[in-house]
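Numbering (this note's numbering), first residue to last: 37 to 241. Contents: one structure, followed by commentary.
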């Protein structure tokens with residue numbers, strides 16, 4: 037009986053496409069990096085939890101840093117979807133909800149968030165490439181929402197300072213989130229309101 041179950045398990049694993057297998061591994065990695073500091077996560081754990089060989093895992097991700105960068109890229113894309121703006125709705129009305137979603141994620145994935153920004157600050161090229169792509173996507177998403185906002189006078193083309201303001205706000209938000217995770221005495225609601233006021237002030241005409 038056990039042999040039959042094992043054979044069925046093997047057939048199930050073989051049926052996974054390369055993309056499905058990669059997604060499975062990244063999902064396991066996201067959980068592990070959120071639960072433990074980077075140095076305490078072993079890539080062999082990922083293979084064991086996913087039920088694959090180390091060789092197969094290394095086929096997809098040659099190094100732990102490659103794997104971490106891919107996990108971060110996946111999570112960044114997921115966050116973009118979660119915080120996507122509703123076209124034509126004032127940014128002011130959406131800002132608190134979007135920040136709540138983002139800050140809840142940061143709090144739940146504190147280990148991974150800190151590790152990601154430490155790696156970027158240290159000049160890790162694999163992580164830096166992911167960071168630059170994620171930053172550009174976040175910037176474009178916010179600028180598109182501002183451009184469609186009936187309450188924001190002028191468009192992006194008429195107000196080139198908006199791009200700099202948004203870029204600066206993203207850096208500000210990252211910095212205050214890292215301070216918050218280090219133990220800054222702010223509730224999540226206070227941090228959300230601080231970030232919201234900073235953006236609204238930065239884009240004011």
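The beta carbon of each residue, even a glycine, is placed where N, CA and C say it ideally should be. Given the structure is predicted, the values throughout are model-derived calculations rather than measurements.
Asked                                                                                                            : Found
Every unbroken alpha helix (DSSP H) within the segment 143 to 186, with a cutoff of 4 residues, ordered by chain : 146 to 157 and 161 to 183
Start-to-end residues for the alpha helix (DSSP H) that takes in residue 96                                      : 90 to 96
Same chain only: Cβ atoms within 6 angstroms of residue 223, ignoring 5 sequence neighbours per side             : none
Cβ-based burial, residue 37 [other Cβ within 10 Å; buried from 16]                                               : Unreliable positioning characterises residue 37 in this predicted model, as indicated by a pLDDT of 44, which lies under 50. A coordinate reading is not provided.
Cβ neighbour criterion (16 or more within 10 Å) applied to residue 44                                            : Since pLDDT at residue 44 reaches only 42, below the 50 mark, its modelled position is unreliable, and the value read off the structure follows with that caveat. Looking at its Cβ environment, which holds fewer than 16 other Cβ atoms inside 10 Å, residue 44 is exposed.
Simplified DSSP assignment, three categories, for residue 111                                                    : helix
Coil, strand or helix - residue 77 by DSSP                                                                       : coil
Which listed residue (147, 198 and 192) has its alpha carbon closest to that of residue 218                      : 147
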